[in-house]
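For what it's worth, the UniProt record's numbering labels the leading residue of the sequence shown as 1, then goes sequentially.
Don't be surprised by glycine CBs; every beta carbon is placed ideally from N, CA and C.
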Amino acid sequence: MLERLKTEWDKWVRLTPANSLYDRTLLWLFFGLLVIGFIMVTSASIPVSTRLNNDPFYFAVRDGVYLAAALFAFVTIVQIPTESWEKRNVLFFLVSLAFLVIVLIFGRSINGAVRWIPLGPVNFQPAELAKLAIICYFSSFYVRKYDEMRTKRLSFIRPMVILSIFGFLLLLQPDLGSTFVLFMLTFAMLFIMGARVMQFLF
Numbered sequence: 001m002l003e004r005l006k007t008e009w010d011k012w013v014r015l016t017p018a019n020s021l022y023d024r025t026l027l028w029l030f031f032g033l034l035v036i037g038f039i040m041v042t043s044a045s046i047p048v049s050t051r052l053n054n055d056p057f058y059f060a061v062r063d064g065v066y067l068a069a070a071l072f073a074f075v076t077i078v079q080i081p082t083e084s085w086e087k088r089n090v091l092f093f094l095v096s097l098a099f100l101v102i103v104l105i106f107g108r109s110i111n112g113a114v115r116w117i118p119l120g121p122v123n124f125q126p127a128e129l130a131k132l133a134i135i136c137y138f139s140s141f142y143v144r145k146y147d148e149m150r151t152k153r154l155s156f157i158r159p160m161v162i163l164s165i166f167g168f169l170l171l172l173q174p175d176l177g178s179t180f181v182l183f184m185l186t187f188a189m190l191f192i193m194g195a196r197v198m199q200f201l202f
């Protein structure tokens, strides 16, 4: 029995079934990053937490609460089939674009940057939603335009225009880091899909 449990565990850890809603390799990477991040936050915040709150684990506990909330959100969202994301990717895209405009009008300024929308006890950063929207929208777009993107020289113009709009709104905050991440995500997806460097040069 123990041998069977070990075999089943190894299969679950190493193999992702064809009908699975997520890639288990990415799942383990996700959990690994969470653990590393929590350890680093705890280690780095102990002196500051002790000085400000007389509690060495004040920030670690807060981070743990947010981590638990994030895990709950992850478990919920990962159950949504990919087809549902694809059907609603345009709506998701437009909502994220609207939030990037809203944050410039109603956002909270911190250290000269307007990146956050206050929502009671928490702050919402539209740039994070924009990253997910870009991934969902371009994934669907590349699937629909696969042959065109691989053969036509100017086929990347539309993704670049959309990306430029997002980048412009992010730079108005200003948020250079998120802008860079969006550009890297888009180009990485382009090249994974099969776009050629020569398409960008000529």
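If we ignore side chains and look at the alpha-carbon of each, how far apart do F59 and S45 end up? The alpha-carbon separation between F59 and S45 amounts to approximately 7 Å.
Measuring alpha carbon to alpha carbon, tell me which residue in G167, N54, M193 is nearest V181. For V181, the nearest C-alpha among the options comes from G167.
Going by the CB atoms, is the gap between A127 and S164 shorter than 8 Å? The Cβ-Cβ distance between S164 and A127 does not fall below 8 Å.
State yes or no: is the C-beta of L170 within less than 8 Å of the C-beta of K131? The answer is no: Cβ separation not under 8 Å.
How is P118 classed by DSSP in three states: helix, strand or coil? Three-state DSSP puts P118 in a strand.
Give the DSSP-derived three-state secondary structure of I80 in the structure shown. Three-state result, I80: coil.
R51 (DSSP reduced to helix, strand or coil): Note: R51 maps to helix in three-state DSSP.
Three or more C-beta pairs under 8 Å: does that hold for the stretch 101–109 against the stretch 72–87? At 8 Å Cβ cutoff, the stretches do not touch.
Given P159 as reference, the closest of F31, W85, F93 once Cα atoms are compared: Considering only alpha carbons, the answer is F93.
Could you tell me the distance, in whole angstroms, from the CA atom of F72 to the CA atom of V65? Going from the Cα of F72 to the Cα of V65 covers about 11 Å.
Would DSSP call N111 helix, strand or coil? Under the three-state reduction of DSSP, N111 is assigned to coil, being neither helix nor strand.
Buried or exposed: which applies to S84, given that a residue is buried once 16 or more other Cβ atoms fall within 10 Å of its Cβ? Exposed: under 16 other Cβ atoms inside 10 Å.
Could you tell me which whole beta strand (DSSP E) segments of length 3 or greater appear in the stretch 122–179? 122–124, all fully within the stretch 122–179.
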